[in-house]
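Here's the structure we're looking at; comments come further down.
Protein chains: 2
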Amino acid sequence: MLVNLFTHFPDAVLREEAETFDALLSAPGIKIERIISTGQATPAGSWYCQAENEWVILLRGSAGLRFESETRTRVLYPGDFVNIPAHSRHRVEWTDASMPTVWLVVHYAGADN
Amino acid sequence: MLVNLFTHFPDAVLREEAETFDALLSAPGIKIERIISTGQATPAGSWYCQAENEWVILLRGSAGLRFESETRTRVLYPGDFVNIPAHSRHRVEWTDASMPTVWLVVHYAGADN
Numbered sequence: 001m002l003v004n005l006f007t008h009f010p011d012a013v014l015r016e017e018a019e020t021f022d023a024l025l026s027a028p029g030i031k032i033e034r035i036i037s038t039g040q041a042t043p044a045g046s047w048y049c050q051a052e053n054e055w056v057i058l059l060r061g062s063a064g065l066r067f068e069s070e071t072r073t074r075v076l077y078p079g080d081f082v083n084i085p086a087h088s089r090h091r092v093e094w095t096d097a098s099m100p101t102v103w104l105v106v107h108y109a110g111a112d113n
Numbered sequence: 001m002l003v004n005l006f007t008h009f010p011d012a013v014l015r016e017e018a019e020t021f022d023a024l025l026s027a028p029g030i031k032i033e034r035i036i037s038t039g040q041a042t043p044a045g046s047w048y049c050q051a052e053n054e055w056v057i058l059l060r061g062s063a064g065l066r067f068e069s070e071t072r073t074r075v076l077y078p079g080d081f082v083n084i085p086a087h088s089r090h091r092v093e094w095t096d097a098s099m100p101t102v103w104l105v106v107h108y109a110g111a112d113n
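In the order they appear, the protein sequences are chains A and B. Counting from 1, one number per residue, gives the positions in the first sequence under full-length UniProt numbering. Counting from 1, one number per residue, gives the positions in the second sequence under full-length UniProt numbering.
Set out below in structure tokens:
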């Protein structure tokens, strides 16, 4: 069972094959997960647009996060967090190529779900 | 406005005067906050017992977390997380004396609130 965010990395991360997703908590109206990226980005031309709100903090590595409503990519370093309201179109432009990028993501229902 | 968990420490932390609490997100059914401890502990003989559920991850420093239902203190290091269901009596036995301890706490209503 995963009990530490930084010491248990899945094999896919070690092989830099794919992003990995681990559920840390799942309860009514809330889901907390760890995502580890190893250089992946959102496919060109694609945007995420979720029905749920999402609060994200980057804890290791770095990433470029772009909102459709903004002209510039936000560069995130460890400790940087951002709230992504439901239906906000956004994409990950890049993630760190030199080390795993560890995200902690809190999906929450909020008022209008 | 606080946008990074690790680069903006309140004066009280720098002076090691008191624990500090910063709200990072507040929405119906959920509150996310940063707590920074500088050696503080729960007063002797006291227990926390909250009406809300709480998911906690320690990100810097270290701490001893004790549940009334357990005989041993859990020692937490960066990346260690724990879910504390509502009404679980617990206390912080100690926090790191040599550096600030940074907690990320997600309070959530869950099913029975």
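Cβ coordinates follow ideal geometry from the N, Cα and C atoms, glycine included.
- Chain A places no beta carbon closer than 8 Å to that of residue 96(B), leaving this residue out of the contacts.
- Residue range 11-14 is occupied by the alpha helix (DSSP H) that includes residue 11(A), with no beta strand (DSSP E) assigned at that position.
- The C-beta of residue 80(A) comes closer than 8 Å to at least one C-beta of chain B.
- Out of 79(A), 109(A), 68(A), 73(A), the CA that lies nearest to the CA of residue 103(A) is found in 79(A).
- Cβ contact annotation for residue 101(A) (same chain, cutoff 8 Å, sequence separation greater than five): 36, 37, 38, 58, 60, 61, 62, 63, 95, in chain order.
- Nearest to residue 54(A) by C-alpha distance, out of 74(B), 54(B), 32(B), is 32(B).
- It is roughly 16 Å from the alpha-carbon of residue 108(B) to the alpha-carbon of residue 22(B).
- Between residue 75(B) and the set 65(B), 84(B), 69(B), the nearest pair of CA atoms involves 65(B).
- With a 10 Å radius around the Cβ and a threshold of 16 neighbouring Cβ atoms, residue 92(A) comes out buried.
- Between residue 11(A) and residue 45(B), the alpha-carbon positions lie close to 44 Å from each other.
- Membership of residue 81(B) in the beta strand (DSSP E) is indicated by the continuous run 81-84.
- Beta-carbon to beta-carbon, residue 34(A) and residue 68(A) are separated by about 26 Å, too far to satisfy the 8 Å threshold.
- Here the C-alpha atom of residue 70(B) lies approximately 33 Å from the C-alpha atom of residue 20(A).
- Between residue 52(A) and residue 86(A), the CB-CB gap stays under 8 Å.
- Assigned with DSSP and collapsed to three states, residue 51(A) falls in coil, not helix or strand.
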